[in-house]
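Number of protein chains: 2
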Amino acid sequence: MRLSKTFIKTLREAPNDETAQNGALLTRAGYIHKEMAGVYDYLPLGLKVIENIKSIIREELNKLGCEEISMSALQNPEPWEKTGRFSDQEVDIWFKTELASGGKLGLAPTHEEPIVNMMKAYISSYKDLPLYAYQFQTKFRNELRAKSGILRGREFLMKDLYSFHTSEEDLDKFYTEVERAYERIFDRLGLGEDTFETFASGGIFAKYSHEFQTFLPVGEDMVYYNGDKSTVLNKEVLSDEVLGDLGVKREELTETTAAEVGNIFKLKFKYSEPLGLKFADENNEQKNVYMGCYGIGVSRVMGVIVEKYADKKGLVWPEAVAPFRYYLVGIGEAGVVKAEEIYNKNPELCILDDRDIRPGEKFADAELIGIPYRVVISERTLSESSAEVTNRRTGETKLIKIDDLISEI
Amino acid sequence: MRLSKTFIKTLREAPNDETAQNGALLTRAGYIHKEMAGVYDYLPLGLKVIENIKSIIREELNKLGCEEISMSALQNPEPWEKTGRFSDQEVDIWFKTELASGGKLGLAPTHEEPIVNMMKAYISSYKDLPLYAYQFQTKFRNELRAKSGILRGREFLMKDLYSFHTSEEDLDKFYTEVERAYERIFDRLGLGEDTFETFASGGIFAKYSHEFQTFLPVGEDMVYYNGDKSTVLNKEVLSDEVLGDLGVKREELTETTAAEVGNIFKLKFKYSEPLGLKFADENNEQKNVYMGCYGIGVSRVMGVIVEKYADKKGLVWPEAVAPFRYYLVGIGEAGVVKAEEIYNKNPELCILDDRDIRPGEKFADAELIGIPYRVVISERTLSESSAEVTNRRTGETKLIKIDDLISEI
Chain R
12 MRLSKTFIKT
22 LREAPNDETA
32 QNGALLTRAG
42 YIHKEMAGVY
52 DYLPLGLKVI
62 ENIKSIIREE
72 LNKLGCEEIS
82 MSALQNPEPW
92 EKTGRFSDQE
102 VDIWFKTELA
112 SGGKLGLAPT
122 HEEPIVNMMK
132 AYISSYKDLP
142 LYAYQFQTKF
152 RNELRAKSGI
162 LRGREFLMKD
172 LYSFHTSEED
182 LDKFYTEVER
192 AYERIFDRLG
202 LGEDTFETFA
212 SGGIFAKYSH
222 EFQTFLPVGE
232 DMVYYNGDKS
242 TVLNKEVLSD
252 EVLGDLGVKR
262 EELTETTAAE
272 VGNIFKLKFK
282 YSEPLGLKFA
292 DENNEQKNVY
302 MGCYGIGVSR
312 VMGVIVEKYA
322 DKKGLVWPEA
332 VAPFRYYLVG
342 IGEAGVVKAE
352 EIYNKNPELC
362 ILDDRDIRPG
372 EKFADAELIG
382 IPYRVVISER
392 TLSESSAEVT
402 NRRTGETKLI
412 KIDDLISEI
Chain W
12 MRLSKTFIKT
22 LREAPNDETA
32 QNGALLTRAG
42 YIHKEMAGVY
52 DYLPLGLKVI
62 ENIKSIIREE
72 LNKLGCEEIS
82 MSALQNPEPW
92 EKTGRFSDQE
102 VDIWFKTELA
112 SGGKLGLAPT
122 HEEPIVNMMK
132 AYISSYKDLP
142 LYAYQFQTKF
152 RNELRAKSGI
162 LRGREFLMKD
172 LYSFHTSEED
182 LDKFYTEVER
192 AYERIFDRLG
202 LGEDTFETFA
212 SGGIFAKYSH
222 EFQTFLPVGE
232 DMVYYNGDKS
242 TVLNKEVLSD
252 EVLGDLGVKR
262 EELTETTAAE
272 VGNIFKLKFK
282 YSEPLGLKFA
292 DENNEQKNVY
302 MGCYGIGVSR
312 VMGVIVEKYA
322 DKKGLVWPEA
332 VAPFRYYLVG
342 IGEAGVVKAE
352 EIYNKNPELC
362 ILDDRDIRPG
372 EKFADAELIG
382 IPYRVVISER
392 TLSESSAEVT
402 NRRTGETKLI
412 KIDDLISEI
């Protein structure tokens, strides 16, 4: 990306109404634009980060044999009425609308009911199971307040995976595979060391569900962890019974705030039963399908990465999600020519700051935008056939031979 | 894709309520699932076709220097009220909803107002122009009737590009570049020979806009064309004045139905003026920004391709948009082993029909699903070190050496 050609501009000041650090920095650095509280547009750099996060999740889920689909945002009330969840008392964050031809519709806050309803067309026998379908799709939640930037949106991007099984054992087995896949995903996203699988409330059909909580000062959840963080539980399940189950003592627990980046549920028959999703077993008996569901908040993950890594100078992206890997600045005639040459080797990997502004302003923007490696080429560095490469995260700077850099790019 | 592992099933019968050929075939072949009239889910094969169409459009737009973004579905009424378009009298296909915290919202039927509003943050000087931003985003239109499958959706995917300029000349120049890009796009999508740039009504600021109309029996538009199809006009502009403008005579025109797959508009100040999107020129005078907008109905294009190419046996995909290139069927033990071997060379390109059903059923599904090349490997073909390759479109069958096939894959 040539900065002279992109419409993105960095802003000196965060907008007044943007109180969350992630929203403020992402706006200042030109990644997002606020449409209204809790509703954001993704600009070219922001969209690239989202796509990078999606790619990592997609790769890990495809390895498990999951298939990608895309379901609608507009929701026919019928299946939701069967589970009682079209009611605003039951689900208090619905956005609803009306068909011109008559009848209410919902805007998907999640997709259990429609996918269970859909699967009635594809599941009839034990031979059709197990199956795993996921999507990256916009969810709509009518939050009363939305002041956390992209950590809590009224419109946000989620990955939701649903699994369908003939037996509890098969559900359990896949659930464990997803747990391991989630660990790999959060590791690859740069959140591994602060993200813990956390016991949370299980609802009707299971004693516990599991959340993946990233410890974070601005996180909205409160969790408790033991000394080696081998047991983490959500405040909502903190009781003597649960402490007994998990074999931890209240006095050895520490409290911290955390952001929920993923959750996994054993739904069992919760949705298949009221919606009539059954299969014929080997003896041709009709049985309820066992289900699990597994979410990751894609846009929230982006916000959590910002909150975890950002410093006073701006954003800091882990390489795996960064929109670009190198931020090229040429100084002086020879430096500009060489920066251009490096850029042309692989424009997909590089931002070229070819704007007609002072180097100091470019350095400040390089830090604000948070690209992993700033590469400065000047007559001084060229005298050593080198470029000065600065690691955004550590601040470490070293001279690297231009030829080595080019072969890396 | 291994058919034994995917949840997709082909259906013998189209659903009763699916009267459009594209909806019926895509449903039977397992590409889409109907959520309600005009609202569809995209299953793994359908999503791949959509992604292939998006890739072609993206490549051609990126060549013009366009930048990809993603704007929100939820719409703050404010900018729409400034242009008068939040009114249901003015725009009669709004879906509207309400914030829990109070206030109406719209669901984007298009994105002119929000992008103009957003660009006020990024355009202030002639130095910021021109700029071109596009997105692939769901649009919501509250149609009274929706009986055309994915040709006319209540929720559908659109590519919308917006251009911003300092002058009419610059807008005209870019508009011409987009016209050429659209021709390349429709050529690559397999619609080139039947798709014609068509004069349509221009609105307030331009005498004409242009539509890209694909001649199609089930198209909802009526267009007129002259002998060599060098001039095509929408019925809405058929008048003596227009005929004079275009230098064609009414009696030399033929009427046909067509589906609008794209449209391009010179908006000029239509939105920039009421929304106050201005730039400072070289003399520091404030001037209105010139604008153009350019749409392609992505999901509609998919439906048009189905309608154009499908035959009695099912779907027929042009190679560029097909979800897979080869449909592999192994017959007999050696055939199955060899089919598996070919599949493993590049699973991204192949469907392997490894289901435990008769070859005749596999052949029927291969035709229904419409993959460009059916590859059958049996003891007979192996005796000639070959596979039997059938072109779905022409029906032509030939023996191709396995080694040649593998190197192609």
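In the order they appear, the protein sequences are chains R and W.
Counted the way this note's numbering counts, the first sequence spans residues 12 to 420.
Counted the way this note's numbering counts, the second sequence spans residues 12 to 420.
By construction, the Cβ of each residue, glycine as well, lies at the ideal position given by its N, Cα and C atoms.
Check your understanding: What does a CB cutoff of less than 8 Å around Asp292 of chain R pick up in its chain, not counting 5 residues either side in sequence?
Key -> Against the first sequence, residue 292 of chain R aligns to sequence position 281. Tyr137, Thr177, Lys298.
Review point. Expressed to the nearest angstrom, what Euclidean distance is found between the alpha-carbon atoms of Val102 of chain W and Tyr282 of chain W?
Key: As a position in the second sequence, residue 102 of chain W is number 91, starting the count at 1. As a position in the second sequence, residue 282 of chain W is number 271, starting the count at 1. Cα to Cα, the separation comes out at about 15 Å.
Review point. Considering only C-alpha positions, which residue in the set W:Arg39, W:Ser112, W:Ser83 is nearest to Ala25 of chain W?
Key: For the purposes of this step, residue 25 of chain W is taken as residue 14 along the second sequence, with counting starting at 1. Minimum Cα distance to Ala25 of chain W is reached at W:Arg39.
Practice item. Output the boundary residues of the beta strand (DSSP E) element that contains Val315 of chain W. Key: The residue you call residue 315 of chain W lines up with position 304 of the second sequence. Unbroken run through Val315 of chain W is the alpha helix (DSSP H), 309 to 320; no beta strand (DSSP E).
Review point. Quick one: which chain W residues come within Cβ less than 7 Å of Ala132 of chain R?
Key: The residue labelled residue 132 of chain R in the question sits at position 121 within the first sequence. Chain W residues near Ala132 of chain R: His44.
Exercise for review: Could you list the residues in the region 72 to 90 of chain R with a C-beta less than 9 Å from some C-beta on chain W, going in chain order?
Suggested key: Gly76, Glu78, Glu79, Ile80, Ser81, Met82, Ser83, Ala84, Leu85, Gln86, Asn87, Glu89
**Study point:** Contacts that Asn27 of chain W makes with chain R (C-beta to C-beta distance below 9 Å)
**Key:** Indexing the second sequence from 1 puts residue 27 of chain W at position 16. Result: empty, since nearest Cβ-Cβ is about 13 Å, beyond 9 Å.
Practice item. Compare the beta carbon distance of Gly164 of chain R and Glu154 of chain R with 9 Å and say whether it is the shorter of the two. Key: For the purposes of this step, residue 164 of chain R is taken as residue 153 along the first sequence, with counting starting at 1. For the purposes of this step, residue 154 of chain R is taken as residue 143 along the first sequence, with counting starting at 1. Yes, these two residues count as a Cβ contact at 9 Å.
Exercise for review: Mind reading off the beta-carbon distance from Leu110 of chain W to Leu118 of chain W? Whole number of angstroms is fine, and I expect it under 8 Å.
Suggested key: For the purposes of this step, residue 110 of chain W is taken as residue 99 along the second sequence, with counting starting at 1. For the purposes of this step, residue 118 of chain W is taken as residue 107 along the second sequence, with counting starting at 1. Rounded, the Cβ-Cβ distance is 13 Å, inconsistent with contact.
Practice item. Flag Val347 of chain R as yes when its Cβ comes closer than 8 Å to any non-hydrogen atom of the ligand HEM, and as no otherwise. Key: Inclusion of the ligand HEM in the displayed structure is not the case, the ligand content being empty and no account of it being possible.
Review point. Listed in chain order, which residues of the region 159 to 174 of chain W have Cβ atoms closer than 8 Å to some Cβ of chain R?
Key: Arg165, Glu166
Point to revise | Assigned exposure category for Asp364 of chain W - 16 Cβ within 10 Å defines buried | key: By 1-based counting over the second sequence, the position of residue 364 of chain W is 353. Classification for Asp364 of chain W: buried.
Practice item. Give the secondary structure of Lys131 of chain R by DSSP, where H, G and I count as helix, E and B as strand, and everything else as coil. Key: As a position in the first sequence, residue 131 of chain R is number 120, starting the count at 1. It is coil, neither helix nor strand.
Practice item. Taking all protein chains shown into account, decide if Ser250 of chain R is buried (16 or more other Cβ within 10 angstroms of its Cβ) or exposed. Key: Start at 1 with the first residue of the first sequence, and residue 250 of chain R comes out as number 239. Ser250 of chain R is exposed by the Cβ-count criterion.
Exercise for review: Would you kindly check if the distance between the Cβ of Ile67 of chain W and the Cβ of Arg199 of chain W is under 9 Å?
Suggested key: In the second sequence, the residue the question calls residue 199 of chain W occupies position 188. In the second sequence, the residue the question calls residue 67 of chain W occupies position 56. Yes. Within cutoff.
Review point. Is the Cβ-Cβ distance between Ala130 of chain W and Phe197 of chain W less than 9 Å?
Key: By one-based count along the second sequence, residue 130 of chain W stands at place 119. By one-based count along the second sequence, residue 197 of chain W stands at place 186. Looking at the sequence shown, residue 130 of chain W is not Ala but Met. No, they are not a contact pair.
Review point. What's the gap between the Cα of Glu263 of chain W and the Cα of Phe226 of chain W?
Key: Taking the second sequence and counting its residues from 1, the one referred to as residue 263 of chain W is at position 252. Taking the second sequence and counting its residues from 1, the one referred to as residue 226 of chain W is at position 215. Each residue's Cα considered, the two are about 18 Å apart.
**Study point:** Cβ-based neighbour list, Gly213 of chain R, same chain, cut-off 7 Å, excluding 5 preceding and 5 following
**Key:** As a first step, residue 213 of chain R must be located in the first sequence, where it is residue number 202. So the qualifying residues of the chain are Tyr219, Ser220.
Check your understanding: Once you ignore the five residues that flank Phe276 of chain W on each side, which residues in its own chain have a CB closer than 6 Å to its CB?
Key -> Translated into the one-based positions of the second sequence, residue 276 of chain W becomes position 265. Taking C-beta separations shorter than 6 Å and ignoring five residues to either side along the sequence, the partners of Phe276 of chain W in its chain run Ser220, Cys304, following chain order.
Check your understanding: Can a CB atom of chain R be found closer than 9 Å to the CB of Ser283 of chain W?
Key -> If you number the second sequence from 1, residue 283 of chain W lands on position 272. By this cut-off, Ser283 of chain W is not an interface position.
Review point. Which residues, taken in chain order from the region 47 to 65 of chain W, show a beta carbon closer than 7 Å to some beta carbon of chain R?
Key: Met47, Val50, Tyr51, Asp52, Tyr53, Leu54, Pro55, Leu58
Check your understanding: Can you name the start and end residues of the alpha helix (DSSP H) that Phe374 of chain R belongs to?
Key -> As a working note, residue 374 of chain R is residue 363 in the first sequence. Counting along the chain, the alpha helix (DSSP H) containing Phe374 of chain R begins and ends at 370 to 380.
Review point. With a cut-off of 9 Å, does the C-beta of Ala269 of chain R fall near any C-beta of chain W?
Key: Counting from 1 along the first sequence, the entry for residue 269 of chain R is found at position 258. In terms of beta-carbon proximity, Ala269 of chain R stays away from the interface with chain W, with every pair separated by 9 Å or more.
Point to revise | Below-9 Å beta-carbon distance, Pro125 of chain W vs any chain R residue | key: Counting from 1 along the second sequence, the entry for residue 125 of chain W is found at position 114. Pro125 of chain W counts as touching chain R.
**Study point:** Test item: CB-CB of Glu208 of chain R and Asn33 of chain R under 9 Å
**Key:** For the purposes of this step, residue 208 of chain R is taken as residue 197 along the first sequence, with counting starting at 1. For the purposes of this step, residue 33 of chain R is taken as residue 22 along the first sequence, with counting starting at 1. Not closer than 9 Å, so no.
Practice item. Indicate whether the contact test is met: 3 or more Cβ pairs, each with one atom in the region 255 to 272 of chain R and one in the region 229 to 237 of chain R, closer than 8 Å. Key: yes
Check your understanding: Hey, Ala345 of chain W and Glu390 of chain W are a contact pair by Cβ (cut 8 Å); roughly how many whole angstroms apart?
Key -> As a first step, residue 345 of chain W must be located in the second sequence, where it is residue number 334. As a first step, residue 390 of chain W must be located in the second sequence, where it is residue number 379. That belief holds up - the Cβ atoms of Ala345 of chain W and Glu390 of chain W are roughly 6 Å apart, short of 8 Å.
Review point. Does His93 of chain W have its Cβ less than 9 Å from a Cβ in chain R?
Key: On the second sequence, position 82 is the one that residue 93 of chain W refers to. The displayed chain sequence assigns Lys, not His, to residue 93 of chain W. Not one chain R Cβ lies under 9 Å of Lys93 of chain W.
Review point. Is Val189 of chain W near Leu75 of chain W, with beta carbons less than 9 Å apart?
Key: Indexing the second sequence from 1 puts residue 189 of chain W at position 178. Indexing the second sequence from 1 puts residue 75 of chain W at position 64. Yes, Cβ-Cβ distance for Val189 of chain W and Leu75 of chain W is below 9 Å.
Review point. Does any C-beta atom of chain W lie closer than 9 Å to the C-beta of Met302 of chain R?
Key: In the first sequence, counting from the first residue as 1, residue 302 of chain R sits at position 291. By this cut-off, Met302 of chain R is not an interface position.
Review point. Taking buried to mean at least 16 other C-beta atoms within 10 Å of its own C-beta, is Val300 of chain W buried or exposed?
Key: Translated into positions along the second sequence, residue 300 of chain W becomes position 289. Around the beta carbon of Val300 of chain W, 16 or more other beta carbons lie within 10 angstroms, which makes this residue buried.
Check your understanding: Taking Cβ positions only, does Thr401 of chain R come closer than 9 Å to chain W?
Key -> Taking the first sequence and counting its residues from 1, the one referred to as residue 401 of chain R is at position 390. Not an interface residue.
Practice item. Could you name the residues of chain B that Asn295 of chain R contacts, counting a contact when the two beta carbons are closer than 7 Å? Key: Annotation note: the requested chain B is absent from the structure, which comprises protein chains R and W.
Exercise for review: Tell me whether Gln224 of chain R is buried or exposed, calling it buried when 16 or more other Cβ atoms sit within 10 Å of its Cβ.
Suggested key: Taking the first residue of the first sequence as 1, we reach residue 224 of chain R at position 213. By the beta-carbon neighbour count (other beta carbons within 10 angstroms, threshold 16), Gln224 of chain R is buried.
Point to revise | Own chain residues within Cβ distance below 8 Å of Leu360 of chain W, not counting five before or after | key: On the second sequence, residue 360 of chain W is found 349 positions in, with the first residue counted as 1. Excluding sequence neighbours, Leu360 of chain W sits near Phe335, Arg336, Tyr337, Ile420.
Check your understanding: Hey, Met313 of chain W and Ile161 of chain W are a contact pair by Cβ (cut 8 Å); roughly how many whole angstroms apart?
Key -> In the second sequence, residue 313 of chain W corresponds to position 302, counting from 1. In the second sequence, residue 161 of chain W corresponds to position 150, counting from 1. Yes, they are in contact, since the Cβ atoms of Met313 of chain W and Ile161 of chain W sit about 6 Å apart, within 8 Å.
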